[in-house]
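Participant: Sharing a structure here in structure tokens format.
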Amino acid sequence: MTQTVMECANLWKIYGKIVAVKDVSLEIKEGDIKLIFGPSGSGKSTLAGCLAMLTTPTKGSVFLREECLTEPGVDLNKARARIGFVFQHIWLFHHLTARGNIELGLRRVMKSPKKEARERAMQALREVKMEKWAGHYPAQMSGGQQQRVGIARALAMDPEIIILDEPTSALDPELTGEVIDALRDLAKKGTTMLVISHEMPFAREVADEMIFLDEGMIVERGPPDLFFTNPSSERARKFMARLIKRTRRE
Amino acid sequence: MGLVLGTLLAIGDLYGGKIVSTAIRFYVEFFRGSALIAQAFLFFFGIFRGMLRLELIDPIIVAFIVFTLNSAAYQKGYVKGAMESVYKDQMTAGLSLGLSKPQAIMYIVLPQAMRIMIPGWSNEFSSLAKSTPALLTVGVRDLTAAGRSIASHTFRFVETYAFIGLIYLLWISVVMKILDIIYDKVKLPGIEITA
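Printed below as a string of structure tokens:
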């Protein structure tokens with residue numbers, strides 16, 4: 013039986029009067045690729061942040077393997093090192109080169125010796141086809157290239173799961189392809205991933221399960237085919253119709 | 020020294036919680052709100068000679084301490100401003116890799132903030148360098164004081180003071196130039212910082 017990598021149970025995140033995440037439970041097994049989508053403001057990013065413990069959930073629990081991360085006294089730094097995170101707005105460290113961005117975590121968190129960190133960083137850059145850009149600073153790269161470095165940065169830490177929060181939505185349309193290709197490669201290698209994305213062809217191709225989120229709640233979930241042929245909820249149907257129309261236009 | 024202490028104060032103010040940041044605010048208000056001469060007086064006669072009974076303390080040491088504390092109060096403002104301009108997302112990205120908060124400050128926020136604050140720092144240096152005459156009050160003879168005694172012995176006031184002015188000018192421009200060079204050296208390719 014495949015093992016559960018990450019799980020959340022009855023997760024809530026409330027900001028003042030706004031309920032961003034409402035009673036969400038999900039389970040991600042080893043090798044799973046789950047895709048979360050939904051209208052903007054539906055709580056996707058907040059949910060991703062809570063799972064990575066970059067945002068503290070208001071209620072409910074998050075598990076990484078058997079360890080409960082929402083209990084007091086857990087070493088969150090250690091837990092975060094095991095969870096890869098790719099940000100919508102990329103957030104590379106501006107003062108470091110592509111390679112430096114990757115080496116930082118390896119050196120300071122994993123305590124790898126300099127030489128090993130460098131080799132691992134170069135290997136991660138090769139995996140996203142960015143090895144030629146190792147010595148360049150983020151400001152010298154295109155958005156798509158930066159995001160590929162962002163993926164390599166998460167990848168190099170050998171995380172048990174990678175959470176990607178809309179990795180292509182801040183990019184120009186012509187740059188999304190290269191990032192999607194990098195993600196496709198990851199999928200082929202059996203990386204456990206939770207992806208927030210509206211790239212529907214990609215979703216259909218790689219996702220094991222799609223989860224439709226609206227107003228902080230899971231409205232509908234199931235295999236991609238379900239969503240592409242006949243979603244049962246009205247909201248999901250409307251949203252899918254809009255997305256597919258948009259994809260065709262592009 | 021002022022820079023190191025100023026940086027610690029900025030970190031304390033930003034991440035230290037309410038009590039620490041209130042204490043730091045008092046400190047800064049005191050040193051920024053009163054004259055350097057008064058501070059030098061207070062420390063030399065009040066604290067070191069009065070309270071600590073160190074009759075023989077070298078005024079230069081006192082001068083050094085007062086300058087450090089005073090400059091730290093100003094520099095805290097520069098460092099804090101620069102650190103705040105490094106967006107919070109840089110910190111979040113660091114945490115996502117498993118770095119602890121102090122590590123993220125050390126390896127991500129400060130290196131970026133220091134680059135931003137070099138121009139502010141050269142300001143601070145030039146104003147501090149010119150406030151050394153205040154030290155005469157506690158018996159430290161700085162450049163101006165030396166000039167005054169030369170002038171009163173030789174009666175060549177204009178020449179002496181002009182020469183002293185020139186030395187200040189040279190001293191400050193050399194240091195500013197060095198800071199400029201450092202600033203250019205550490206400037207990140209592709210990013211224009213307008214500070």
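Chains as they are written, first to last, in our numbering: chain A, 13 to 262; chain B, 20 to 214. Every residue gets a Cβ at the ideal spot worked out from N, C-alpha and C, and that includes glycine. Note that this is a predicted model, so its numbers are computed, not measured.
(1) What does the Cβ neighbour count give for K29(A), buried or exposed, with the cut at 16 atoms within 10 Å?
(2) Quick check: the Cα distance between Y126(B) and M142(A), rounded to an integer number of angstroms?
(3) According to a CB-to-CB cut-off of less than 7 Å, which residues of the stretch 117–130 of chain A neighbour chain B?
(4) With distances taken from CA atoms, which of G228(A), L238(A), L59(A), A194(A) is nearest N221(A)?
(5) For K29(A), which of helix, strand or coil comes out of DSSP?
(6) May I have the straight-line CA-CA distance separating A99(B) from V218(A), to the nearest angstrom?
(7) In this structure, how does DSSP classify V231(A) when only helix, strand and coil are distinguished?
(8) Could you name the residues of chain A that A181(B) contacts, counting a contact when the two beta carbons are closer than 8 Å?
(9) I need the straight-line Cα distance from L198(B) to A54(B), nearest angstrom please.
(10) Beta carbon of D177(A): closer than 7 Å to some heavy atom of the ligand GTP?
(11) In the structure shown, what three-state DSSP assignment does T213(B) receive?
(12) What are the partner residues of I95(A), as DSSP defines its beta bridges?
(13) Using CA coordinates, which residue listed in D108(B), Y93(B), S104(B) is at the minimum distance from I135(B)?
(14) Does the stretch 88–102 of chain B come close enough to the stretch 111–118 of chain B to have 3 or more Cβ pairs within less than 8 Å?
(15) Is it buried or exposed for L185(B), if we count other Cβ within 10 angstroms and need 16 for buried?
(16) Taking 8 Å as the CB-CB limit, is A101(B) close to chain D?
(17) Note down, in chain order, each residue of its chain lying with its Cβ closer than 6 Å to the Cβ of A182(A), except the 5 sequence neighbours on either side.
(18) Given T213(B), which residues of its chain have a CB within under 8 Å of its CB, disregarding the five upstream and five downstream residues?
(19) Near G96(A), what residues of its chain come up, given a Cβ to Cβ distance below 8 Å and the 5 sequence neighbours on each side ignored?
(20) In three-state DSSP terms, what is T151(B)?
(21) Identify whether V205(B) lies in helix, strand or coil by the three-state DSSP scheme.
(22) May I have the straight-line CA-CA distance separating P130(B) from T111(B), to the nearest angstrom?
(23) Report the option in G55(A), C20(A), L38(A), I114(A) whose CA atom is closest to the CA atom of E178(A).
(24) In three-state DSSP terms, what is F224(A)?
(25) Exposed or buried, L241(A), counting other C-beta atoms within 10 Å across all chains shown (16 or more means buried)?
(26) Excluding the 5 residues preceding and the 5 following M65(A) in the sequence, name in chain order all residues of the same chain whose CB lies nearer than 7 Å to its CB.
(27) Going by CA-CA distance only, name the one from E128(A), A248(A), K127(A), P235(A) that's closest to L225(A).
(28) Do the stretch 182–196 of chain A and the stretch 147–159 of chain A make contact, defined as three or more Cβ pairs closer than 8 Å?
(29) At the 8 Å Cβ level, is A112(B) part of the contact set with chain A, yes or no?
(30) Under 8 Å: do the stretch 137–145 of chain B and the stretch 32–47 of chain B share three or more Cβ pairs, one atom per stretch?
(31) What is the DSSP secondary structure of G50(A), counted as helix, strand or coil?
(32) Hey, how far is the Cα of S209(A) from the Cα of R120(A)?
(33) Taking all protein chains shown into account, do 16 or more other C-beta atoms lie within 10 angstroms of the C-beta of D44(A), making it buried, or fewer, making it exposed?
(34) Grab me the residues of Q109(B)'s own chain with a C-beta within less than 6 Å of its C-beta, minus the 5 sequence neighbours each way, in chain order.
(35) Using CA atoms only, rank isn't needed, just tell me which of A92(B), V85(B), I84(B) is closest to S40(B).
(36) For a contact defined as C-beta to C-beta under 9 Å, what are the partners of P138(B) on chain A?
Facilitator: Answer, in terms of the structure:
(1) exposed
(2) 24 Å
(3) G117, R120, V121
(4) It should be pointed out that residue 221(A) corresponds to Glu in this sequence rather than to Asn. Answer by Cα proximity: L238(A).
(5) coil
(6) According to the sequence provided, residue 99(B) is Lys. The question's Ala does not apply to it. Each residue's alpha carbon lies about 46 Å from the other.
(7) strand
(8) Residues of chain A passing the Cβ test: none, with the nearest at roughly 44 Å.
(9) 27 Å
(10) The ligand GTP is absent from the structure shown, which contains no ligands of any kind.
(11) Because the pLDDT of T213(B) is 43, which lies under 50, any placement of that residue in the model is unreliable, and the number read from its coordinates should be weighed accordingly. Reduced to three states, the DSSP call for T213(B) is coil.
(12) I173(A)
(13) S104(B)
(14) no
(15) exposed
(16) The structure shown has no chain D; the protein chains it does contain are A and B.
(17) Q100, H101
(18) Residue confidence is low: T213(B) scores 43 on pLDDT, short of 50, so the model does not pin down where it sits. Its coordinate-derived value is still stated next. If we look at T213(B) and ignore the five residues flanking it on each side, it has no Cβ neighbours.
(19) A166, L167, M169, P171, I173, I174, I175
(20) helix
(21) helix
(22) 16 Å
(23) G55(A)
(24) strand
(25) Note on residue identity: the sequence assigns Thr, not Leu, to residue 241(A). With fewer than 16 Cβ atoms within 10 Å of its Cβ, T241(A) is classed as exposed.
(26) V74, L81, L88, A91, R92
(27) A248(A)
(28) yes
(29) yes
(30) no
(31) coil
(32) 31 Å
(33) buried
(34) I127
(35) A92(B)
(36) Those do not exist, as P138(B) stays about 17 Å from chain A at its closest Cβ, beyond 9 Å.
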